[in-house]
Structure formats: C-alpha cells, structure tokens
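Working notes, beginning with the structure itself.
In our numbering, the protein residues as written are 667 to 749.
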C-alpha cells in the first residue's frame with residue numbers, strides 16, 4: 667500500500683523535527699494536528715513498511731535501531747526484576 671500524504675508528512679516531520687523551535691510534542695500538534703500518542707503509534711507502524719523504507723531509508727533504519735534497542739533494554743530490565 668503506497669504512502670499517504672499524512673504518512674509522508676509524519677516521516678518528513680520525524681526527519682526534520684529538531685529544526686522546530688520548542689518541544690517536539692507541541693510541534694506534532696501544531697504541524698500535523700495529531701496527539702503525540704497517535705503520532706508515535708502511526709510512526710511505529712510506518713517504519714515497518716517497505717514504502718517508508720523506500721521514502722527515507724536512513725531515517726527508517728535509525729528508528730528501527732532505536733526501537734530495537736529500547737525493546738532489548740526493556741527486556742533486560744524485566745528479566746532482572748525479582749518475581
């Protein structure tokens with residue numbers, strides 16, 4: 667399924683958000699009209715698509731790597747907790 671205009675806007679925003687003044691959550695609301703939680707849900711799904719990979723391969727690779735590291739760290743913390 668090809669990327670929608672909103673999908674491209676989300677990926678482009680994520681690639682460029684550091685250039686915005688202020689907090690990222692405020693910029694998400696102002697620029698995209700989305701609640702931050704919804705933005706992150708959509709972004710998480712997008713980075714698993716081939717179309718997103720084709721649109722911005724470096725961004726998608728970086729975001730997947732960050733997500734995998736966070737999952738690994740969470741798994742390591744959970745395994746270390748006493749039961």
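Where a beta carbon is used, it is the ideal one built from N, C-alpha and C, also for glycine.
Could you check which residue in the options has the C-alpha nearest to that of residue i?
i           : options          : result
residue 678 : 698, 715 and 692 : 698
residue 680 : 737, 735 and 723 : 723
Just how far apart, CA to CA, sit residue i and residue j?
i           : j           : result
residue 672 : residue 741 : 32 angstroms
residue 696 : residue 703 : 14 angstroms
residue 689 : residue 669 : 27 angstroms
residue 685 : residue 693 : 10 angstroms
residue 731 : residue 721 : 17 angstroms
How far does the alpha helix (DSSP H) with residue i in it reach, from first residue to last?
i           : result
residue 668 : Counting along the chain, residue 668 falls outside any alpha helix (DSSP H), and DSSP gives it neither H nor E.
residue 693 : 690–693
residue 700 : It is not in any alpha helix (DSSP H) - residue 700 carries neither H nor E in the DSSP assignment.
residue 722 : Looking at the DSSP string, residue 722 is not in any alpha helix (DSSP H), and its letter there is neither H nor E.
Excluding the 5 residues flanking residue i on each side, which residues of the same chain have their C-beta closer than 6 angstroms to its C-beta?
i           : result
residue 726 : 713, 718 and 719
residue 705 : 694
Leaving out the 5 sequence neighbours to the left and right, which residues in its chain are closer than 7 angstroms to residue i when beta-carbon positions are compared?
i           : result
residue 708 : 676
residue 691 : 702
residue 700 : 694
residue 683 : 690 and 693
Closer than 8 angstroms by C-beta to residue i: which residues in its own chain qualify, once you throw out the five before and the five after it? Chain order, please.
i           : result
residue 710 : 733
residue 729 : 680, 709 and 713
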